[in-house]
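J.:
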Amino acid sequence: YQYNNRYAGDQVFRITLTNDTEVQALKKILGLIKVDFWQPISASLIHSNSTVDVHVKRNDIQHLHARLKLERIKFRMLIFDLQKEIEKQTGYPSSRKRR
Amino acid sequence: SESQYDYEVYHSLEEIQNWMFEMNRSHPELVTMLSLGKSYEGRQLYVLQLGKRNLPPKKSVWIDCGIHAREWIGPAFCQWFVKEALSSYKYDSVMTQLLNHLDFFIMPVFNVDGYRFSWNTDRFWRKTRSKNHKFHCRGVDANRNWKVKWGNVGASSHPCDDTYCGPFPESEPEVKAVAKFLRKHKKHMKAYISIHAYAQMLLYPYSYKYEPIPNFNCVESAAQSAVTALYSAYGVRYRYGPAATTLYVSSGSSIDWAYRNGIPYAFAFELRDTGHFGFLLPESLIKPTCTETLKAVKAIALGLLKKC
Numbered sequence: 001y002q003y004n005n006r007y008a009g010d011q012v013f014r015i016t017l018t019n020d021t022e023v024q025a026l027k028k029i030l031g032l033i034k035v036d037f038w039q040p041i042s043a044s045l046i047h048s049n050s051t052v053d054v055h056v057k058r059n060d061i062q063h064l065h066a067r068l069k070l071e072r073i074k075f076r077m078l079i080f081d082l083q084k085e086i087e088k089q090t091g092y093p094s095s096r097k098r099r
Numbered sequence: 100s101e102s103q104y105d106y107e108v109y110h111s112l113e114e115i116q117n118w119m120f121e122m123n124r125s126h127p128e129l130v131t132m133l134s135l136g137k138s139y140e141g142r143q144l145y146v147l148q149l150g151k152r153n154l155p156p157k158k159s160v161w162i163d164c165g166i167h168a169r170e171w172i173g174p175a176f177c178q179w180f181v182k183e184a185l186s187s188y189k190y191d192s193v194m195t196q197l198l199n200h201l202d203f204f205i206m207p208v209f210n211v212d213g214y215r216f217s218w219n220t221d222r223f224w225r226k227t228r229s230k231n232h233k234f235h236c237r238g239v240d241a242n243r244n245w246k247v248k249w250g251n252v253g254a255s256s257h258p259c260d261d262t263y264c265g266p267f268p269e270s271e272p273e274v275k276a277v278a279k280f281l282r283k284h285k286k287h288m289k290a291y292i293s294i295h296a297y298a299q300m301l302l303y304p305y306s307y308k309y310e311p312i313p314n315f316n317c318v319e320s321a322a323q324s325a326v327t328a329l330y331s332a333y334g335v336r337y338r339y340g341p342a343a344t345t346l347y348v349s350s351g352s353s354i355d356w357a358y359r360n361g362i363p364y365a366f367a368f369e370l371r372d373t374g375h376f377g378f379l380l381p382e383s384l385i386k387p388t389c390t391e392t393l394k395a396v397k398a399i400a401l402g403l404l405k406k407c
């Protein structure tokens, strides 16, 4: 596996914010869970009527899922399994040789 | 060799650098390879100068790719641009005109240490790889490290943040080397273009404030013609406008620095996509993404040959 399979089970959430209450709630949630911001690049840039893409480690997925549900914040999965997507992006060296 | 090089896959830093040597070797009439200095980890900062050799010095365009390590489509585009420029010289009238009247300075991998780290260790690394003697976190956001409103809004002063601006402006040898080169060539440098991902936008100054730039009309029309050209390829729509209002406010960015240092046209492309694959844009999308972006860059460059 590429990167020693470190991204297996990690996911990318797309969270949709419609008002400032949700913005504050999400900032609070993301203050507790270590995520990798994809877009925007930091929590300080989160604003209402926008989407937030975050890379979530597999051990934090349930927690983030539950908290978003609790706060009734809309979200969907952009990438279900990051490791698989990484393998697909460049194909493993052996497939490259095949190419 | 050149004919076997696959521009529709992502390449390691070593492959890209070997490819640059090959481009320099096989196109002596149009290509010169430069090194601007060394990165934090001691890697060469290579640039390819493209353009017909003639005197006096010509108007110049700078294109850098890969300021943020995980945005792999950037380096892929820089290589695509060089390949298309060289293969279509004398066959495509526009590219022939551009290479006869402009010099292009292409930096396929700005953040060489970060790219290598993203290729081998952490796919989603963004920053450089400099060390901070007080914190265990490494790296500076090379697009927050330029001496323009440095360390201000939209940048972080915490070394562990992804938007860390660094201990001082141009603290990163990569940024310092490019800034020094652009300062040296300032007289002839008419456009600065920086390739990023993902948002599908074409941004121009300012990032750090909402005030419009003095030559707003000319820059806006150049941006409009660029995104129109881009759209003509596959119908992909890019938003365009001042970075502060179109994306978000941030300080210490390269396009603001370039503009404030006298380069009249400064753009940052945020290439595909808008989040479906994000940084993991598949290799199957390298060709369409680079084809449409090339049209946009040619439109911007052509605009430099006309009066605005």
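Chains as they are written, first to last, in the working numbering: chain A, 1 to 99; chain B, 100 to 407.
Using N, Cα and C, we set each Cβ at its ideal position, and we do this for glycine too.
For clarity, every value in this text was computed on a predicted model and none was experimentally measured.
Mind listing which residues of the region 252-278 of chain B have their C-beta closer than 8 Å to chain A's C-betas, in chain order?
T.: Those would be Gly253, Ser255, Asp260, Asp261 and Thr262, in chain order.
J.: Determine, for His65(A), whether the minimum Cβ-Cβ distance to residues of chain B falls below 8 Å.
T.: As a first step, residue 65(A) is located in the first sequence; it is residue number 65 there, counting from the start. It does not; no Cβ of chain B falls within 8 Å.
J.: Can you say whether Thr18(A) is buried or exposed, counting buried as having 16 or more other CB atoms within 10 angstroms of its CB?
T.: Position 18 of the first sequence, counting from 1, holds the residue named residue 18(A). That one is exposed.
J.: Ignore the nearest five residues each way along the sequence and tell me which others in Tyr291(B)'s own chain have a CB closer than 6 Å to its CB.
T.: For the purposes of this step, residue 291(B) is taken as the residue at position 192 of the second sequence. Excluding sequence neighbours, Tyr291(B) sits near Trp161, Ala357, Ile362 and Ala365.
J.: So the beta strand (DSSP E) Lys283(B) belongs to, where does it begin and stop?
T.: Translated into the one-based positions of the second sequence, residue 283(B) becomes position 184. No beta strand (DSSP E) contains Lys283(B), which is instead part of the alpha helix (DSSP H) from Pro272 to Lys283.
J.: Tell me whether Val193(B) is buried or exposed, calling it buried when 16 or more other Cβ atoms sit within 10 Å of its Cβ.
T.: By one-based count along the second sequence, residue 193(B) stands at place 94. Classification of Val193(B): exposed, given that the 10 Å Cβ count is below 16.
J.: Tell me which residues of the region 179-203 of chain B have at least one Cβ-Cβ distance to chain A shorter than 7 Å, keeping chain order.
T.: For the region 179-203 of chain B, which is checked against every Cβ of chain A, not one residue is closer than 7 Å.
J.: Assess contact between the region 206-224 of chain B and the region 140-148 of chain B, defined as three or more Cβ pairs (one per stretch) separated by less than 8 Å. Is contact present?
T.: Result yes; three or more Cβ-Cβ pairs closer than 8 Å.
J.: Among Phe368(B), Phe378(B), Lys405(B) and Leu380(B), which one has its Cα closest to the Cα of Lys394(B)?
T.: Translated into the one-based positions of the second sequence, residue 394(B) becomes position 295. Comparing Cα-Cα distances from Lys394(B) to each of Phe368(B), Phe378(B), Lys405(B) and Leu380(B), the minimum goes to Phe368(B).
J.: If the cut-off is 9 Å on Cβ atoms, which residues from the region 284-298 of chain B count as contacting chain A, listed in chain order?
T.: Of all residues in the region 284-298 of chain B, Tyr297 and Ala298 have a Cβ within less than 9 Å of some Cβ in chain A.
J.: For Ser217(B), does the count of other Cβ atoms within 10 angstroms reach 16, so buried, or fall short, so exposed?
T.: Here residue 217(B) refers to the residue found at position 118 when the second sequence is read from its first residue. It counts as buried.
J.: With 8 Å set as the bound, which would you pick, yes or no: does the beta-carbon of Glu170(B) sit closer than that to a beta-carbon of chain A?
T.: The sequence position of residue 170(B) within the second sequence is 71, counting from 1. It does not: the Cβ of Glu170(B) has no partner Cβ on chain A nearer than 8 Å.
J.: Measure the C-alpha to C-alpha separation of Asp36(A) and Ser42(A) and round it to an integer number of angstroms.
T.: As a position in the first sequence, residue 36(A) is number 36, starting the count at 1. As a position in the first sequence, residue 42(A) is number 42, starting the count at 1. Each residue's alpha carbon lies about 9 Å from the other.
J.: Who does Ala328(B) pair with in a DSSP beta bridge?
T.: The residue given as residue 328(B) occupies position 229 in the second sequence. BP columns for Ala328(B) are empty, so no partner.
J.: Starting from the C-beta of Lys308(B), find all residues in its chain whose C-beta is less than 8 Å away, skip the five residues before and the five after it, and write them out in chain order.
T.: Position 209 of the second sequence holds residue 308(B). The answer, listed in chain order, is Lys248, Ala343 and Val348.
J.: Measuring only between beta-carbons, confirm whether Gln156(B) sits less than 8 Å from chain A.
T.: For the purposes of this step, residue 156(B) is identified with residue 57 of the second sequence, where counting begins at 1. A small correction: the amino acid at residue 156(B) is Pro; Gln does not occupy that position in the sequence shown. Taking Cβ atoms only, chain A never reaches closer than 8 Å to Pro156(B), which makes this a no.
J.: Starting from the Cα of Met132(B), find the closest Cα among Val108(B), Leu198(B), Arg371(B) and Ile205(B) and give me that residue.
T.: Residue numbering aside, residue 132(B) sits at position 33 when the second sequence is read from its first letter. Nearest of Val108(B), Leu198(B), Arg371(B) and Ile205(B) to Met132(B), Cα basis: Ile205(B).
J.: In its own chain, which residues sit with a C-beta less than 6 Å from the C-beta of Leu101(A), not counting the 5 before and 5 after it?
T.: The first residue shown for chain A is 1 and the last is 99, placing residue 101(A) beyond what the model contains.
J.: Where Ser324(B) and Asn153(B) are concerned, what is the direct C-alpha to C-alpha distance, given to the nearest angstrom?
T.: Translated into the one-based positions of the second sequence, residue 324(B) becomes position 225. Translated into the one-based positions of the second sequence, residue 153(B) becomes position 54. Straight-line Cα distance between these residues: approximately 29 Å.
J.: Name the one or two DSSP bridge partners that Gly340(B) has.
T.: Locating residue 340(B) in the second sequence gives position 241, where the first residue counts as 1. DSSP lists Leu302(B) as partners of Gly340(B).
J.: With C-beta atoms as the reference, is Lys151(B) less than 8 Å away from Asn199(B)?
T.: One-based indexing of the second sequence puts residue 151(B) at position 52. One-based indexing of the second sequence puts residue 199(B) at position 100. Going by C-beta atoms, Lys151(B) is nearer than 8 Å to Asn199(B).
J.: Which chain B residues sit within Cβ distance under 7 Å of Ile41(A)?
T.: The sequence position of residue 41(A) within the first sequence is 41, counting from 1. Result: Asp261 and Thr262.
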